[in-house]
Amino acid sequence: MGASAIQDQRDIIVGAIKNITRGDWKVLVVDTDSKRILDNVVKEDDILNENIANIEKIEDKRPPNPDMDAIYLLSPESHIVDCLMADFSRRRYKKSYLVWTALLDPTIRRRIDNSTEAQQQLAGFETLSIDYFPRESRLVTFRDPWSFPILYHPACNNVVATHMQSLAQKIAGVCISLGEYPIVRYYKPKAPTHEASVLCSHLARFVQDELDAYAKFHTNFPPPSNRQQGVLIITDRSMDLFAPLIHEFTYQAMAHDLLPIKEGDKVLYKTTVNQGEPNEEEKDMEIGENDDIWVKNRHTHMKDTIERLMGDFQKFINENPHFTNQSGDATSLNAIKDMLAGLPQFQNLKDAYSLHLSMAQECMNIFQSRKLPDIASVEQSLATGLDEDYRKPKNLADQVIRLLDDESISSSDRLRLIALYIIYSDGIVFEDIPRLMAHASLPFTNVETITNLELLGARTTRPLKETRHPHAPLFPRKTAPTAANEDYALSRFEPALKLLLEEISRGPLDPALFPYTKPPIQSDFDQTANVNASLRSAKPTWAQNRRSVHESKQRVIVFMAGGATYSESRACYETSRNSNRDVVLVTSHMLTPALFLRQVTDLSVDRRQLGLPADQPKKKAPQHLFERPTPSPSPSPQGGLPAGPAGGRGGPSPRPPMPSSQSSGSRKPVEPPSGKMGSMSLNSGGQNGSSKTPSPIGQGGKLEKKSKYDEDGKEKKKRGFFSSKK
Numbered sequence: 001m002g003a004s005a006i007q008d009q010r011d012i013i014v015g016a017i018k019n020i021t022r023g024d025w026k027v028l029v030v031d032t033d034s035k036r037i038l039d040n041v042v043k044e045d046d047i048l049n050e051n052i053a054n055i056e057k058i059e060d061k062r063p064p065n066p067d068m069d070a071i072y073l074l075s076p077e078s079h080i081v082d083c084l085m086a087d088f089s090r091r092r093y094k095k096s097y098l099v100w101t102a103l104l105d106p107t108i109r110r111r112i113d114n115s116t117e118a119q120q121q122l123a124g125f126e127t128l129s130i131d132y133f134p135r136e137s138r139l140v141t142f143r144d145p146w147s148f149p150i151l152y153h154p155a156c157n158n159v160v161a162t163h164m165q166s167l168a169q170k171i172a173g174v175c176i177s178l179g180e181y182p183i184v185r186y187y188k189p190k191a192p193t194h195e196a197s198v199l200c201s202h203l204a205r206f207v208q209d210e211l212d213a214y215a216k217f218h219t220n221f222p223p224p225s226n227r228q229q230g231v232l233i234i235t236d237r238s239m240d241l242f243a244p245l246i247h248e249f250t251y252q253a254m255a256h257d258l259l260p261i262k263e264g265d266k267v268l269y270k271t272t273v274n275q276g277e278p279n280e281e282e283k284d285m286e287i288g289e290n291d292d293i294w295v296k297n298r299h300t301h302m303k304d305t306i307e308r309l310m311g312d313f314q315k316f317i318n319e320n321p322h323f324t325n326q327s328g329d330a331t332s333l334n335a336i337k338d339m340l341a342g343l344p345q346f347q348n349l350k351d352a353y354s355l356h357l358s359m360a361q362e363c364m365n366i367f368q369s370r371k372l373p374d375i376a377s378v379e380q381s382l383a384t385g386l387d388e389d390y391r392k393p394k395n396l397a398d399q400v401i402r403l404l405d406d407e408s409i410s411s412s413d414r415l416r417l418i419a420l421y422i423i424y425s426d427g428i429v430f431e432d433i434p435r436l437m438a439h440a441s442l443p444f445t446n447v448e449t450i451t452n453l454e455l456l457g458a459r460t461t462r463p464l465k466e467t468r469h470p471h472a473p474l475f476p477r478k479t480a481p482t483a484a485n486e487d488y489a490l491s492r493f494e495p496a497l498k499l500l501l502e503e504i505s506r507g508p509l510d511p512a513l514f515p516y517t518k519p520p521i522q523s524d525f526d527q528t529a530n531v532n533a534s535l536r537s538a539k540p541t542w543a544q545n546r547r548s549v550h551e552s553k554q555r556v557i558v559f560m561a562g563g564a565t566y567s568e569s570r571a572c573y574e575t576s577r578n579s580n581r582d583v584v585l586v587t588s589h590m591l592t593p594a595l596f597l598r599q600v601t602d603l604s605v606d607r608r609q610l611g612l613p614a615d616q617p618k619k620k621a622p623q624h625l626f627e628r629p630t631p632s633p634s635p636s637p638q639g640g641l642p643a644g645p646a647g648g649r650g651g652p653s654p655r656p657p658m659p660s661s662q663s664s665g666s667r668k669p670v671e672p673p674s675g676k677m678g679s680m681s682l683n684s685g686g687q688n689g690s691s692k693t694p695s696p697i698g699q700g701g702k703l704e705k706k707s708k709y710d711e712d713g714k715e716k717k718k719r720g721f722f723s724s725k726k
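Here the sequence shown is numbered in my numbering, starting from 1 and rising by one per residue.
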């Protein structure tokens with residue numbers, strides 16, 4: 001595995017804090033949104049170990065700490081700057097170091113520059129390009145499902161420009177963090193009919209402007225590297241409408257499709273642990289990069305996943321016979337689960353195996369009960385245009401109708417099948433769509449779900465007498481089985497992104513299909529690699545820790561607007577493993593088939609029902625930050641409850657400035673940073689600044705170390721930031 005996007009962002013954040021503390025104790029002040037970024041990649045103890053005495057939230061009531069310096073890690077939002085100015089007016093801390101997750105809007109920056117109180121207390125100011133959420137080593141998301149309706153809903157035209165500017169800044173931030181100043185290319189659909197067909201070209205130019213502006217003001221960007229100049233490809237959901245609809249049978253994609261996995265700041269699955277024991281309980285188990293079993297198996301076919309889980313557990317039994325029943329037979333999932341109950345000494349192993357055995361077993365139960373083999377056989381022919389023998393399929397319409405008649409097929413699978421059939425057919429007579437719905441016993445409202453696909457470039461209807469022309473694939477598809485896929489007839493389909501990455505690994509992409517924003521002096525695949533020593537800048541705005549084995553691989557960054565699928569994420573790992581490219585997938589949010597259909601359905605609802613952040617009241621700083629402190633109570637006895645400690649929450653006081661449990665004397669001061677990030681705006685000529693993209697995901701995570709005065713504070717789920725019009 002190459003360098004990890006998670007580790008890259010962690011190094012940036014920890015490096016910025018370390019360069020400021022330099023062995024001295026300081027308070028770290030975060031806001032709701034910046035804390036989500038922090039919690040996603042850094043453990044709280046790792047932050048506290050960098051001479052951080054306490055972590056506080058700027059929106060909460062906090063006692064003054066005028067004898068200690070503070071590091072503010074903040075989101076560039078107006079109401080957060082209001083909170084900051086309130087701190088300055090109270091002189092809450094001794095000196096303040098401002099670190100922003102993204103660029104401040106120039107008008108907001110001027111508020112700080114023109115404040116005498118702020119200037120008297122400022123000790124540092126820098127901007128990190130970290131306004132994104134690495135989810136996996138090769139997968140970065142913005143946790144922004146609202147991006148889909150903003151880009152494709154006809155009633156959202158007045159907020160598209162602002163949103164695209166925000167997307168561009170985030171995409172540029174990922175590139176900057178990776179130390180890449182890439183060649184920018186974008187998807188240009190052939191003969192498009194939908195309004196959003198220009199989405200990729202506009203977004204690509206916005207990103208190019210952001211990168212150019214950053215490079216103009218940072219002469220040491222990009223840092224020296226042995227890598228060939230990277231490539232950024234901007235594409236969108238319209239490039240492949242089969243991928244979010246088809247049943248995928250690799251472990252990760254299948255689990256997210258079929259199981260009730262909770263998506264939030266963490267990915268959780270509820271399962272029963274210690275089954276059959278007195279301490280049996282239901283528990284939300286986290287699925288992520290720290291789960292070795294998940295990382296090892298998530299991209300393997302479910303058949304291979306089950307075999308590997310059973311094989312690994314059998315190996316454990318052979319190595320630890322004294323912990324198991326000698327007559328135990330680990331040849332079935334149920335037998336293994338029974339054996340796990342007898343391993344109290346290996347609780348973590350028990351929980352991990354119990355989780356994945358339960359998930360795998362439930363997936364296979366659904367696979368059989370919902371007749372997914374029958375559905376997938378037809379889906380593969382619709383998506384590839386070829387049957388299992390790699391010939392032109394026959395009687396597909398009859399096969400679809402037969403499945404729609406089957407009562408054991410779920411309503412969601414029927415709708416997916418109809419959508420796939422209509423996309424494959426390049427449209428059908430409009431009157432046939434409600435007939436198909438009636439045949440499938442689906443509500444007539446689903447007709448709009450199908451016709452809304454036209455907003456993403458699909459053709460759903462055509463005249464009665466028009467001859468059907470098969471939809472030509474963007475890239476040549478395999479026309480014969482290979483040794484690798486002979487056993488996986490239900491997994492013949494490969495997403496367009498996989499074919500794109502294979503094409504880019506073999507040679508240059510078609511410039512008509514993927515134009516450049518700026519024609520390169522040399523082909524992006526014929527350049528001579530820079531062989532200078534790879535001395536990464538000490539500035540904390542790009543990754544510094546590289547693995548030499550991947551140092552020479554050209555990096556390909558793909559941004560998928562409108563959401564990406566797990567099959568597309570898998571394609572990036574496979575291409576990175578099997579080629580001389582190092583691929584990173586960036587997207588607004590991850591799609592499951594259910595979420596995709598729901599978002600497509602919403603493209604025809606009234607905008608007021610969408611709950612867009614742009615349509616919500618602007619967030620304001622909490623009023624308590626502007627209240628004057630109340631006088632100390634009289635020492636004479638009085639009625640009523642005793643006063644709580646400073647901070648007004650009735651909880652324990654925060655950690656003292658110099659905790660006795662940690663000694664700063666043993667810590668060596670680190671060298672100061674080579675320079676600080678400038679305050680220039682990446683928005684060249686625009687007025688949108690660094691608008692903060694919202695996330696509808698519920699907030700979570702721990703709060704402060706040894707401090708509970710914010711325990712009744714609830715994080716809001718929506719962050720409005722679209723205020724300017726197109």
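From the three backbone atoms N, C-alpha and C, an ideal C-beta is built for every residue, glycine too.
Can you round the beta-carbon distance between residue i and residue j to whole angstroms, since I take them to be within the 8 Å contact cut?
i, j, result
"threonine 141", "serine 588", "7 Å"
"isoleucine 409", "isoleucine 366", "That belief does not hold up - the Cβ atoms of isoleucine 409 and isoleucine 366 are roughly 12 Å apart, past 8 Å."
"histidine 299", "tyrosine 573", "6 Å"
"serine 64", "tryptophan 100", "Before going further, note that residue 64 is proline rather than serine in the sequence given. In fact, because the Cβ distance is near 23 Å, the residues do not count as touching under 8 Å."
"glycine 179", "proline 223", "5 Å"
"alanine 621", "histidine 79", "5 Å"
"isoleucine 422", "histidine 356", "That belief does not hold up - the Cβ atoms of isoleucine 422 and histidine 356 are roughly 37 Å apart, past 8 Å."
"tyrosine 97", "aspartate 69", "7 Å"
"threonine 384", "arginine 468", "The pair is not a contact, with the Cβ atoms about 17 Å apart (cut-off 8 Å)."
Go ahead and pull the three-state DSSP assignment for residue i.
i, result
"tryptophan 294", "helix"
"isoleucine 13", "helix"
"histidine 301", "strand"
"aspartate 284", "strand"
"asparagine 590", "According to the sequence as given, residue 590 is methionine; it is not asparagine. If DSSP states are grouped into helix, strand and coil, methionine 590 belongs with the strands."
"methionine 677", "Unreliable positioning characterises methionine 677 in this predicted model, as indicated by a pLDDT of 35, which lies under 50. The coordinate reading is nonetheless provided below. Looking at methionine 677 - three-state DSSP - the assignment turns out to be coil, as it is neither helix nor strand."
"arginine 227", "coil"
"phenylalanine 559", "strand"
"phenylalanine 133", "strand"
"isoleucine 246", "coil"
"serine 441", "coil"
"lysine 57", "strand"
"lysine 314", "Here residue 314 turns out to be glutamine, not lysine, going by the sequence shown. If DSSP states are grouped into helix, strand and coil, glutamine 314 belongs with the helices."
"alanine 5", "helix"
"glutamate 210", "helix"
"glutamate 362", "helix"
"glutamine 616", "coil"
Applying the 10 Å Cβ sphere with the 16-neighbour rule, what's the burial state of residue i?
i, result
"leucine 420", "buried"
"aspartate 510", "exposed"
"proline 189", "buried"
"serine 681", "The predicted model places serine 681 with a pLDDT of 37, which falls under 50 and marks its position as unreliable; any figure quoted below should be read in that light. With 16 or more other Cβ atoms within 10 Å, it is buried."
"phenylalanine 444", "exposed"
Starting from the C-beta of residue i, find all residues in its chain whose C-beta is less than 7 Å away, skip the five residues before and the five after it, and write them out in chain order.
i, result
"serine 736", "It is not possible to answer for residue 736, since the shown part of the chain is limited to 1 through 726."
Residues in the same chain with beta-carbon distance under 6 Å from residue i, minus the five sequence neighbours each way, listed in chain order, please.
i, result
"lysine 266", "Glu286"
"lysine 283", "Val273"
"phenylalanine 475", "Leu499 and Glu503"
"glutamate 454", "Thr460"
"alanine 352", "Ile293"
"serine 201", "Tyr186"
"glutamine 9", "Val41, Ile130 and Pro134"
Among the residues of its own chain, which have a CB less than 8 Å from the CB of residue i, if the five just before and after it don't count?
i, result
"arginine 608", "Asp615"
"arginine 91", "Pro64, Pro66, Glu117 and Gln121"
"serine 411", "Ala440, Ser441 and Leu442"
Between the segment 239-255 and the segment 584-598, do at least 3 Cβ pairs fall closer than 8 Å?
yes
Would you call the segment 460-472 and the segment 426-441 touching, i.e. three or more CB-CB distances under 8 Å?
yes
Just checking, does the segment 124-134 make contact with the segment 215-226 on the three C-beta pairs under 8 Å criterion?
no
Would the segment 276-295 count as touching the segment 394-402 if we require 3 or more Cβ pairs under 8 Å?
no
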